[in-house]
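Asker: In terms of the numbering used here, the sequence shown opens at residue -15 and continues consecutively. A virtual CB, placed ideally from N, CA and C, is assigned to each residue, including glycine. On a predicted model such as this, the values are computed, not experimentally measured, just so you know. Please find one structure pasted underneath; my questions will follow.
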Amino acid sequence: MGLFLGTALGFPTVLLTPMLLVIVVYWIIAAVGLADAEALDSVDAEGDPVGASAVMGRLGLGKAPVTVEITMLVLSAWFVSMMGGIVASLFTTPGSAPAWALGAVVLLIAVIAAWAFTSGAVMALQRFLPKPKGSSKRELVGRTCVIRIGTASETFGHAEILTAGGASITIPVRTIGGESLPSGSTALIFDHSDEQDVFLVTRFDPALDPGRD
């Protein structure tokens, strides 16, 4: 037990142990329904990944929910670091220069091994994992948005909308028939103009909301 705690709280594993604890707490919260397993998955109006999803994509991942990939990365890196730390403790004195140098090598190996393991595991299991939710332009039609930055008209307008991944994005909007919508008002997206690459909106009547009691 002493060796386990010493390694978990020693360099380099101590850098990963807090991340592991955060992940454990997160999944406990998700298990009771207080957190979304796809909370970090986000895309822009074009359906391209942004934020954490974009970072994972640059790492060659992003084919599974970001929270799942981060969990795999941290767990595998922590495990390799623990094993490496235990082996290193057999040949070095804790706190010595050789121990720090060997610890740095162990950390590097742990990071590379974690990426390799996660990449391979995601490729093998992605068919069984839920795909990140996206929001293409056409998928936004029929949803409501909130007018921002002045008044929306036939020549100008911007609105804020939440993507399926929970990210807030700003989209260009236009009205038709001389309608104007003031900032802060709720509008219904009823079409997308491919020619102008803008969303066509009209005033939203809450009485028409099928989810309204």
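Under a three-way DSSP split, which group does residue 138 fall into?
Answerer: Here the question's residue 138 lines up with position 154 in the sequence shown. Looking at residue 138 - three-state DSSP - the assignment turns out to be coil, as it is neither helix nor strand.
Asker: Whose C-beta lies closer than 8 Å to the C-beta of residue 175 among residues of the same chain, with five residues either side of it excluded?
Answerer: Here residue 175 is taken as the residue at index 191 of the sequence shown, counted from 1. Cβ neighbours of residue 175 beyond the five flanking positions: 125, 183 and 184.
Asker: Starting from the C-beta of residue 57, find all residues in its chain whose C-beta is less than 8 Å away, skip the five residues before and the five after it, and write them out in chain order.
Answerer: Mapped onto the sequence shown, residue 57 falls at position 73. Result list for residue 57: 98, 99 and 102, in chain order.
Asker: In angstroms, rounded to a whole number, what distance separates the CA positions of residue 52 and residue 43?
Answerer: Residue numbering aside, residue 52 sits at position 68 when the sequence shown is read from its first letter. Residue numbering aside, residue 43 sits at position 59 when the sequence shown is read from its first letter. Between residue 52 and residue 43, the C-alpha separation is close to 15 Å.
Asker: Report the rounded CA-to-CA distance for residue -12 versus residue 54, giving the unit in angstroms.
Answerer: Here residue -12 refers to the residue found at position 4 of the sequence shown. Here residue 54 refers to the residue found at position 70 of the sequence shown. Cα to Cα, the separation comes out at about 23 Å.
Asker: Excluding five sequence neighbours on each side, which residues of the same chain lie with their C-beta closer than 6 Å to the C-beta of residue 60?
Answerer: Here residue 60 is taken as the residue at index 76 of the sequence shown, counted from 1. Once the five neighbours on either side are set aside, the close Cβ partners of residue 60 are 98 and 101.
Asker: Using the three-state DSSP reduction, which class does residue 156 fall into: helix, strand or coil?
Answerer: Position 172 of the sequence shown, counted from the first residue, corresponds to residue 156. In the structure shown, residue 156 sits in a strand (DSSP, three-state: E or B).
Asker: At which residue ranges does the stretch 39 to 121 contain complete beta strand (DSSP E) runs of 3 or more residues, listed in the order of the chain?
Answerer: List check, beta strand (DSSP E) in window: nothing returned.
Asker: Which term fits residue -3, buried or exposed, when burial requires 16 or more other beta carbons within 10 angstroms of its beta carbon?
Answerer: For the purposes of this step, residue -3 is taken as the residue at position 13 of the sequence shown. By the 10 Å Cβ count, residue -3 comes out buried.
Asker: If residue 48 sits next to residue 106, beta carbons under 8 Å apart, how far is it from one beta carbon to the other, in whole angstroms?
Answerer: Against the sequence shown, residue 48 aligns to sequence position 64. Against the sequence shown, residue 106 aligns to sequence position 122. Their Cβ separation, rounded to whole angstroms, is 5 Å, which keeps residue 48 and residue 106 in contact under 8 Å.
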